[in-house]
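In our numbering, the protein residues as written are 434 to 745. C-beta atoms are modelled at their ideal positions from N, C-alpha and C, and glycine is treated no differently. One structure is given here, and the rest of the page talks about it.
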Amino acid sequence: MAALAFCGTLVLGILAVLLFMSITLLQPTEVALKYNWLLQTIGDEVIVTPGLKFVGPFTDLVRYPKTIQTLEYNQVHRDLLDGRTADGLPLILGLAFQYRLMPDRIRDLYFTYENQYGDYEQIFKLTGMHMITELATKFTAYQFFNEKQKIAEDMRLHLNDYFSKHLFATVESLQIQEDDLPEAFTTTILTAATSKQNITRMSKTLAAKIVEFQTARQIAEAQANVTIQQAIGDQHRIMQNGRADAAIIEAYVEAELTAYGKIHTELGLSGEDLINYIWYDTLGGGGVSADARTDKDVEMLVGVNPSAYISH
Numbered sequence: 434m435a436a437l438a439f440c441g442t443l444v445l446g447i448l449a450v451l452l453f454m455s456i457t458l459l460q461p462t463e464v465a466l467k468y469n470w471l472l473q474t475i476g477d478e479v480i481v482t483p484g485l486k487f488v489g490p491f492t493d494l495v496r497y498p499k500t501i502q503t504l505e506y507n508q509v510h511r512d513l514l515d516g517r518t519a520d521g522l523p524l525i526l527g528l529a530f531q532y533r534l535m536p537d538r539i540r541d542l543y544f545t546y547e548n549q550y551g552d553y554e555q556i557f558k559l560t561g562m563h564m565i566t567e568l569a570t571k572f573t574a575y576q577f578f579n580e581k582q583k584i585a586e587d588m589r590l591h592l593n594d595y596f597s598k599h600l601f602a603t604v605e606s607l608q609i610q611e612d613d614l615p616e617a618f619t620t621t622i623l624t625a626a627t628s629k630q631n632i633t634r635m636s637k638t639l640a641a642k643i644v645e646f647q648t649a650r651q652i653a654e655a656q657a658n659v660t661i662q663q664a665i666g667d668q669h670r671i672m673q674n675g676r677a678d679a680a681i682i683e684a685y686v687e688a689e690l691t692a693y694g695k696i697h698t699e700l701g702l703s704g705e706d707l708i709n710y711i712w713y714d715t716l717g718g719g720g721v722s723a724d725a726r727t728d729k730d731v732e733m734l735v736g737v738n739p740s741a742y743i744s745h
């Protein structure tokens, strides 16, 4: 009985161990394939739902990342890419790209590239290195200097197309982190960029000066028009005042002629007598120009020759 009890306990223990080994946990960041290490077979199902999983005895999970992964070519890893540009200049290129494995193609990835677990990463790295070095030859040194973002997107599209068809992954993004060109070329490009900037600045200064001079000319023309109009106004005012003065003088003379004509006719004065009359009349404030409101004393000098009086 004791032996039977021992055997039963042993069997239960073995079953418990097998049951414990048949349960595993899949993380939210993982996808997996079932792998029976006793029979060395891979299950048909790709497990994508996280949580505790019953996989069965002698079975484990071959896990792959569900999240975005990064491959880098840089000085730290001593794998900077050495290539040439489209115009033949040597180029040292450092970059990184991010990829994501296709969950529904994990089984294809395993059977195609996984002689040892994780071999696909080296395949990805070597494929990326070859493709990027080849793609670099399609762009000139000037483009690498000025259009890195455009080049990076073009490389990403080519990598994504190849990876999705042959490596069962998608390339999400790519960054050019280093692109070392010959120093002579870089210096020349910087000098040209500085000259271009100076030309642009001088062009803008020239345009500003043209606008400034055009504005000054318009102001001068406006001021000239004001001066001309002012002169025309002064001319009209002077002429009108002159005409008015002439009309007044003409009216005054006409009135004097009329008045003294009546004196000549009615009093019969003429010659020297008329002149004497006009002279005395003027001294007394008479004539047309006399102010009737002014009360003045009139002195008559009898027996005095007007010419003698004037000369005195």
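Can you give me the start and stop residues for the alpha helix (DSSP H) that residue i sits inside?
i: G666; result: 616-700
i: T492; result: Per DSSP, T492 belongs to no alpha helix (DSSP H); it is in the beta strand (DSSP E), 492-498.
i: N709; result: 704-716
i: Y543; result: 539-546
Out of the options, state which residue places its alpha-carbon closest to the alpha-carbon of residue i.
i: R517; options: V495, T566, D667; result: T566
i: L472; options: T482, T492, F572; result: T492
i: E463; options: A529, H697, P536, A519; result: P536
i: T603; options: L513, I539, E478, L614; result: I539
i: K695; options: I711, I632, I665; result: I711
i: K830; options: Y595, N548, Y506; result: This structure cannot speak to residue 830, because the chain is shown only from 434 to 745.
i: L623; options: A585, F572, V479, F578; result: F578
i: P461; options: W470, T474, Q673, V481; result: V481
i: M588; options: L639, K598, Y575, A569; result: A569
i: P498; options: L459, G484, F530, Q508; result: L459
i: L607; options: R676, L485, L716, T503; result: T503
i: D512; options: W470, A519, L526; result: L526
i: G484; options: Q531, G666, C440, I456; result: I456
i: Y693; options: A680, D714, V659; result: D714
i: L690; options: T648, N674, Q531, I708; result: I708
i: R533; options: D515, T627, E605; result: E605
With a CB to CB cut of under 8 angstroms and the five nearest residues on each side skipped, what residues in its chain are close to residue i?
i: Y550; result: V495
i: K581; result: I609, D612
i: V479; result: V464, A465, L466, P536, D537, I539, R540
i: V509; result: none
i: F646; result: none
i: T573; result: T518, A519, D520
i: A585; result: L528, L607, Q608, I609
i: L702; result: I696, Y710
i: Q656; result: none
Let me know the secondary structure DSSP gives residue i once reduced to three states.
i: I565; result: helix
i: K486; result: strand
i: A723; result: Any reading at A723 must be qualified, since the residue scores a pLDDT of 49, below 50, and its modelled position is unreliable; no value is offered.
i: E580; result: coil
i: E463; result: strand
i: S744; result: Legend: pLDDT at S744 = 46, less than 50; position of this residue unreliable, no value from coordinates given.
Give the DSSP bridge partners of residue i, in chain order.
i: T474; result: N469
i: F530; result: L504, L607
i: L458; result: L485
i: L514; result: L526
i: D613; result: I525
i: I556; result: I556 is not bridged to any residue.
i: A585; result: Bridge partners of A585: none, in fact.
i: A602; result: L534
i: V509; result: Paired residue(s): none; V509 is not in a bridge.
If I follow the unbroken beta strand (DSSP E) through residue i, where does it start and stop?
i: G521; result: Premise fails: G521 is in no beta strand (DSSP E) and is neither H nor E.
Within 7 angstroms: the Cβ of residue i and any heavy atom of the ligand FAD?
i: I622; result: In terms of ligand content, the structure shown is empty, and the ligand FAD therefore cannot be addressed.
Going by beta carbon distance, what residues of the same chain come within less than 6 angstroms of residue i, once the five residues before and after it are set aside?
i: A723; result: Summary for A723: the model assigns pLDDT 49, below 50, so the residue's position carries little reliability; its value from the coordinates is reported in the next sentence. Result list for A723: empty, nothing under 6 angstroms.
i: K467; result: G476, V488, T492
i: L639; result: none
i: A725; result: Any reading at A725 is ruled out, since the residue's pLDDT is 45, under 50, leaving its predicted position unreliable.
i: T500; result: T462
Among residues of its own chain, excluding the 5 on either side of residue i, which ones have a beta-carbon nearer than 7 angstroms to its beta-carbon?
i: P615; result: L522, P523
i: T442; result: none
i: M564; result: H591, L592, Y595
i: Y543; result: L466, I475, V495
i: Y546; result: D552, Y553, I556
i: T560; result: L600
i: F618; result: L522, A574
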